[in-house]
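What follows is a set of notes on a single structure, which appears directly below.
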Amino acid sequence: MSDNVLHVTRVFDAPRQLVFSCMVEPEHLTHFWGPTGVSAPLDRITVDARAGGVFATVMVNDADGSTYPTSARYLEVSSPERLAWVEDHSGMTVTITFTDLGDDRTQVDIEQANVPAQMMDPAARAGFLTSLDRFAAHLARLTRAER
Amino acid sequence: MTAAVEERLDATFAALADPTRRAIVARLAAGDATVNELAEPFRLSLPGVSKHLKVLERSGLISRRRQAQFRPCHLERQALDAAVDWIEANRRLWSERFDKLDDHLRTLHAPTNGDPHV
Numbered sequence: 260m261s262d263n264v265l266h267v268t269r270v271f272d273a274p275r276q277l278v279f280s281c282m283v284e285p286e287h288l289t290h291f292w293g294p295t296g297v298s299a300p301l302d303r304i305t306v307d308a309r310a311g312g313v314f315a316t317v318m319v320n321d322a323d324g325s326t327y328p329t330s331a332r333y334l335e336v337s338s339p340e341r342l343a344w345v346e347d348h349s350g351m352t353v354t355i356t357f358t359d360l361g362d363d364r365t366q367v368d369i370e371q372a373n374v375p376a377q378m379m380d381p382a383a384r385a386g387f388l389t390s391l392d393r394f395a396a397h398l399a400r401l402t403r404a405e406r
Numbered sequence: 003m004t005a006a007v008e009e010r011l012d013a014t015f016a017a018l019a020d021p022t023r024r025a026i027v028a029r030l031a032a033g034d035a036t037v038n039e040l041a042e043p044f045r046l047s048l049p050g051v052s053k054h055l056k057v058l059e060r061s062g063l064i065s066r067r068r069q070a071q072f073r074p075c076h077l078e079r080q081a082l083d084a085a086v087d088w089i090e091a092n093r094r095l096w097s098e099r100f101d102k103l104d105d106h107l108r109t110l111h112a113p114t115n116g117d118p119h120v
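For the protein sequence lines, the chains are V and Z, in the order given. Mapped onto the numbering used here, the consecutive letters of the first sequence carry residue numbers 260 to 406. Mapped onto the numbering used here, the consecutive letters of the second sequence carry residue numbers 3 to 120.
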């Protein structure tokens, strides 16, 4: 297992190239980048899809209009199999792998590695080998059972 | 999320980046314990445990009472909850994005000949 903090996986009924395009084209991103109740206006999405290029969005809360800007730099843009960026603010690295499952189905795996300065120490990074998200779920169960 | 909150989360995650510290946190979730009680199951020296406890204490994940020489360690659930909440919020964010992406892909795949409003 790699030293990543969080893993998210989903299978989509669409060809790999299309799913990849959805992740790098503002005209697609605007439809889904904001979570439930949050929009991502097209005119506020910046995508320069190449290593070192900017990926910036502004998410707008539909209920109260509050905004959440995001900005990142692409680390890798390998259409249609892999995409990676590092968030400017948090230093978190997001790597997305697109796997062609055949029959126009595509698996998307997101790995998020939180790499603040103190995490760059190899010993500390090795500590993440036991996936932190499973640990969190385990603790959540423990603490809830106690309450 | 404010900078202060993010800094605290950074410290929390850094503290949790070590398997022994995670085991200590899991042990303390079951109740307070002294350094001796913590050292035993992990086969660590007392200075070894103390080092880990200092990191955990600095991150705000645990506190130690100034009482007697035993100074039992106490898990500060709020700090832990913040880390767990962040992870759950992040997972929810992607899950909701994926739900929307799924809908969007369906729209793209919908037949383009014929009136979709019929």
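All residues carry an ideal CB built from backbone N, CA and C; glycine is no exception. Keep in mind it's a predicted model, so treat the numbers as computed, not measured.
Distance CB(residue i)-CB(residue j) smaller than 8 Å
{"i": "Ser52 (chain Z)", "j": "Val37 (chain Z)", "result": "yes"}
{"i": "Arg84 (chain Z)", "j": "Arg10 (chain Z)", "result": "Looking at the sequence shown, residue 84 (chain Z) is not Arg but Ala. For Ala84 (chain Z) and Arg10 (chain Z), yes; Cβs fall inside 8 Å."}
{"i": "Leu107 (chain Z)", "j": "Val27 (chain Z)", "result": "no"}
{"i": "Phe291 (chain V)", "j": "Lys102 (chain Z)", "result": "yes"}
{"i": "Leu63 (chain Z)", "j": "Thr14 (chain Z)", "result": "yes"}
{"i": "Asp363 (chain V)", "j": "Ala273 (chain V)", "result": "yes"}
{"i": "Leu277 (chain V)", "j": "Leu110 (chain Z)", "result": "yes"}
{"i": "Val353 (chain V)", "j": "Val283 (chain V)", "result": "no"}
{"i": "Ile355 (chain V)", "j": "His266 (chain V)", "result": "no"}
{"i": "Pro294 (chain V)", "j": "Glu98 (chain Z)", "result": "yes"}
{"i": "Ala17 (chain Z)", "j": "Leu48 (chain Z)", "result": "no"}
{"i": "Asp323 (chain V)", "j": "Val297 (chain V)", "result": "no"}
{"i": "Phe271 (chain V)", "j": "Asp12 (chain Z)", "result": "no"}
Same chain, Cβ closer than 6 Å to residue i, five either side skipped, listed in chain order
{"i": "Arg275 (chain V)", "result": "Pro339, Phe357, Asp359 and Thr365"}
{"i": "Ser330 (chain V)", "result": "Ala315 and Asp347"}
{"i": "Ala308 (chain V)", "result": "Val283 and Val336"}
{"i": "Val319 (chain V)", "result": "Ser298 and Thr326"}
{"i": "Thr305 (chain V)", "result": "Val313 and Ala315"}
Helix, strand or coil at residue i according to DSSP, with G and I counted as helix
{"i": "Trp344 (chain V)", "result": "strand"}
{"i": "Arg45 (chain Z)", "result": "coil"}
{"i": "Gly62 (chain Z)", "result": "coil"}
{"i": "Asp83 (chain Z)", "result": "helix"}
{"i": "Glu90 (chain Z)", "result": "helix"}
{"i": "Gly350 (chain V)", "result": "coil"}
{"i": "Thr14 (chain Z)", "result": "helix"}
{"i": "Ser325 (chain V)", "result": "coil"}
{"i": "Glu370 (chain V)", "result": "strand"}
{"i": "Thr305 (chain V)", "result": "strand"}
{"i": "Asp362 (chain V)", "result": "coil"}
{"i": "Ala31 (chain Z)", "result": "helix"}
{"i": "Thr356 (chain V)", "result": "strand"}
{"i": "Ala310 (chain V)", "result": "coil"}
{"i": "Ser97 (chain Z)", "result": "helix"}
{"i": "Ala273 (chain V)", "result": "coil"}
{"i": "Arg332 (chain V)", "result": "strand"}
{"i": "Ala19 (chain Z)", "result": "coil"}
{"i": "Pro381 (chain V)", "result": "Because Pro381 (chain V) sits at a pLDDT of 42, beneath the cut-off of 50, its placement in the model cannot be relied upon, and the following sentence gives the value as read from the coordinates. DSSP places Pro381 (chain V) in helix when its eight states are reduced to three."}
{"i": "Thr295 (chain V)", "result": "coil"}
{"i": "Thr109 (chain Z)", "result": "helix"}
Of the listed residues the options, nearest to residue i (C-alpha basis)
{"i": "Ser312 (chain V)", "options": "V:Ala273, V:Gly293 and V:Trp344", "result": "Going by the sequence as given, residue 312 (chain V) is Gly instead of Ser. Comparing Cα positions, the closest option is V:Trp344."}
{"i": "Arg303 (chain V)", "options": "V:Val297, V:Thr295, V:Pro328 and V:Asp321", "result": "V:Pro328"}
{"i": "Arg66 (chain Z)", "options": "Z:Gly33, Z:Ala25, Z:Arg24 and Z:Asp87", "result": "Z:Gly33"}
{"i": "Ala310 (chain V)", "options": "V:Gln371, V:Leu342 and V:Val319", "result": "V:Leu342"}
Residues near residue i by beta carbon distance below 8 Å, same chain, minus five either side
{"i": "Arg2 (chain Z)", "result": "In the structure as shown, chain Z begins at 3 and stops at 120. Residue 2 (chain Z) is therefore absent and cannot be evaluated."}
{"i": "Glu286 (chain V)", "result": "Leu301"}
{"i": "Thr22 (chain Z)", "result": "Phe44, Leu46 and His54"}
{"i": "Arg24 (chain Z)", "result": "Leu18"}
Sequence-distant residues of the same chain with beta carbon closer than 7 Å to residue i, five excluded per side
{"i": "Ala31 (chain Z)", "result": "Leu77"}
{"i": "Phe72 (chain Z)", "result": "Thr36"}
{"i": "Pro375 (chain V)", "result": "Because the pLDDT of Pro375 (chain V) is 46, which lies under 50, any placement of that residue in the model is unreliable, and the question is left without a value."}
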